[in-house]
Amino acid sequence: MKTIIEPFRIKVVEPIRMTTREEREEILRRADFNLFRIHADDVLIDLLTDSGTGAMSSLQWSGVMKGDESYAGAKSWFVLEKSVRELTGFEHILPTHQGRASERILFELVGGPGKIVPNNSHFDTTRANIEHSGAKAVDLLIAEGRQPALRHPFKGNMDVGALERLIAEVGAASIPLVMLTVTNNSGGGQPVSLENIRAVRRVCDRHGLPLFLDACRFAENAYFIKRREPGQADRPVRAIVREMFDLCDGATISAKKDGLVNIGGLLLLRDANLVRRADELLILTEGFLTYGGLAGRDLEAMAQGFEEVVHEDYLQYRIRSTEYLGEKLLAAGVQIVEPPGGHAIYIDAAAFCSHIPPEHFPGQALVVGLYREAGIRACEIGSVMFGQGGRRPAMELVRLAIPRRVYTQSHIDYVIEAIAAVHARRAELRPLGIIEEPPSLRHFTARFRERA
Ligand code: F0G
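Below, the structure written as structure tokens:
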């Protein structure tokens, strides 16, 4: 069979409220053209993020009923611990309420002034937590990863030579750990190869440095390895996942992605001394060691999510449905970050809106255009998000993130039609100006106006 079907049936449905173009015009104006400021109920297809927006399975929902809400030693905690131990091989598992809570604990312990933390590309919250500690976050992505139209099987790889040069320049003593984000969210949802993880591991070993994964999308990354890396095709995804984790000394995980839950996170550690100090911080700000800021029912749902996410029929459907959106957009003449990523398609907004200069926010103009045309909510990743204070991001992108197990192929066909229609009339997309912005992270709350 050629058609890859959704490997599930739908038992509960959530109605979508239809809106008219006139209503959307009014909604946009009231929100000052910032899609973070509108009611989710006014969105037809919400591609703002794949984080915490997935649908849970019947087994996850039955886990919710089984949740043990005991303060200490809850049965649900041991279910989660077993599931994550079997998947990752890690002995020390700390539950947190989401990814950035794990990051905050980790960098409070190993960050600080004078420290430098390299990554392929830091996600914003990782960078923010590192900088909050006083340390510096450095991106060492391979050059191929910064060119939207260039195809490379593992565009998320770290430039190993650049890592060596950084260590030679600043000295291993100022680097508390090396990080790899799988898949690389800030760089188009592109995977990191096993070969690259091994190469980074070897450099770390030579200099006595720990290697950590930002493993939010570990299963999607492992599936890309199976499909693209020589010699990996016949290995079960679970074995590839295990090898990825075996190569590392720790990991931060937002379970809102490949944990298939709406809330939850993990911090995985090997170093017993670090574990002891992390436990103290966990109790201080998240909660006791056996719930970490979550309810027992969340722990059950997470345990089951980590089982389901490595099912290969799920991953085949997941990666193929993102790829389908990407291929159709390319066929319609829309330049995207190639090849399609795991959790999202990133449109090259600089190419899409070639009549709009970066200072008038081509990505935001496209985000506004997509909502106006079809009620689709996407996310600008360009000069609005990263251009505050006169900085110039390397790319002007618009991310269409795909929630897990939520939308069907006809929803995606609708998205494709809408983008093709906006593309055909792209000269009509209007440049924007900012009329009000906060001192940082302006994309969440800034107010815009459309320019003539
Ligand atoms: N690391 C990566 C690579 C992420 O994509 C995210 C979240 C985090 C860490 C933080 O996790 O949200 O649970 O605290 N990414 C979301 C997104 C928000 O839309 O890409 P969190």
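Just so you know, we're using this note's numbering here: the sequence shown kicks off at 808 and counts up by one. Where a beta carbon is used, it is the ideal one built from N, C-alpha and C, also for glycine.
Through-space distance from residue j to residue i, alpha-carbon basis
i       : j       : result
Gly918  : Ile1226 : 43 Å
Arg1179 : Leu835  : 8 Å
Gly1263 : Ile1004 : No answer is possible for residue 1263: the residues shown for the chain start at 808 and end at 1259.
Ile949  : Glu1119 : 29 Å
Glu1064 : Arg1024 : Rather than Glu, the amino acid found at residue 1064 in this sequence is Lys. C-alpha separation (whole angstroms): 6 Å.
Phe1113 : Ser890  : 7 Å
Trp868  : Leu1067 : 12 Å
Ala838  : Leu1236 : 18 Å
Ala1185 : Ile852  : 9 Å
Gly880  : Glu888  : 11 Å
Gly1071 : Pro902  : 8 Å
Val773  : Ile1183 : Coverage of the chain is limited to positions 808 through 1259, which leaves residue 773 absent and any answer about it impossible.
Ala1058 : Arg1013 : 20 Å
Tyr1098 : Glu1134 : 42 Å
Ala1228 : Lys962  : 30 Å
Ile1047 : Val820  : 34 Å
Leu916  : Pro1169 : 40 Å
Phe1052 : Leu1020 : 8 Å
Leu1132 : Asp1220 : 8 Å
Tyr1214 : Ile1223 : 13 Å
Ala847  : Asp1105 : 23 Å
Ala1040 : Ile923  : 36 Å
Ala1026 : Arg1258 : 43 Å
Met986  : Arg828  : 45 Å
Glu1036 : Asn964  : 13 Å
Arg953  : Arg1042 : 30 Å
Glu876  : Ala1062 : 19 Å
Cβ-based neighbour list, residue i, same chain, cut-off 7 Å, excluding 5 preceding and 5 following
i       : result
Ile811  : Gln1123, Tyr1124, Arg1127
Tyr1121 : Pro814, Glu1115
Ser928  : Asp946, Leu948, Thr988, Asn991, Ser993, Gly994
Tyr1030 : Val1044, Leu1122, Ile1126
Pro1210 : Asp857, Thr860, Gly861
Gly1100 : Thr903, His904, Ala908, Glu1093, Gly1094
Glu938  : Ala944
Residues bridged to residue i [DSSP beta-bridge criterion]
i       : result
Tyr1153 : Arg1206
Arg1256 : Gly1240
Lys943  : Ile923
His1162 : DSSP lists no partner for His1162.
Asp853  : Arg1184
Pro902  : Leu1073
Asn1003 : Its beta-bridge partners do not exist; DSSP assigns none.
Gln997  : Asn991
Val985  : Leu1018
Leu948  : Met965
Contact set for residue i: own chain, Cβ-Cβ below 6 Å, skip 5 residues either direction
i       : result
Gln1171 : Glu1187, Val1191, Leu1239
Gly996  : Thr990, Gly1148, Gly1149, His1150, Ala1151
Ala1181 : Ala1225
Asp1155 : Pro955, Gln1142
Arg1256 : Gly1240, Ile1242
Ala969  : Leu947
Contacting residues, own chain, Cβ-Cβ under 8 Å from residue i (five flanking each side not counted)
i       : result
Lys818  : Ser865
Asp849  : Arg824, Thr826, Glu830, Arg831, Ile834, Gly1182
His1230 : Ala1139, Gly1140, Val1141, Phe1159
Can we say the segment 949-962 touches the segment 893-911, given the rule of at least three CB pairs closer than 8 Å?
no
Three CB pairs or more closer than 8 Å across the segment 1001-1015 and the segment 1071-1085:
Put simply, the segment 1001-1015 does not touch the segment 1071-1085. Fewer than three CB pairs are less than 8 Å apart.
In chain order, each beta strand (DSSP E) run of at least 3 residues that lies wholly inside the segment 1072-1150
1072-1076
Evaluate contact between the segment 933-942 and the segment 1082-1091, counting only Cβ atoms and requiring at least three cross-stretch pairs below 8 Å.
no
3-residue-minimum beta strand (DSSP E) runs that sit fully inside the segment 1007-1061, ordered along the chain
Here the runs fully enclosed are 1018-1021, 1057-1061.
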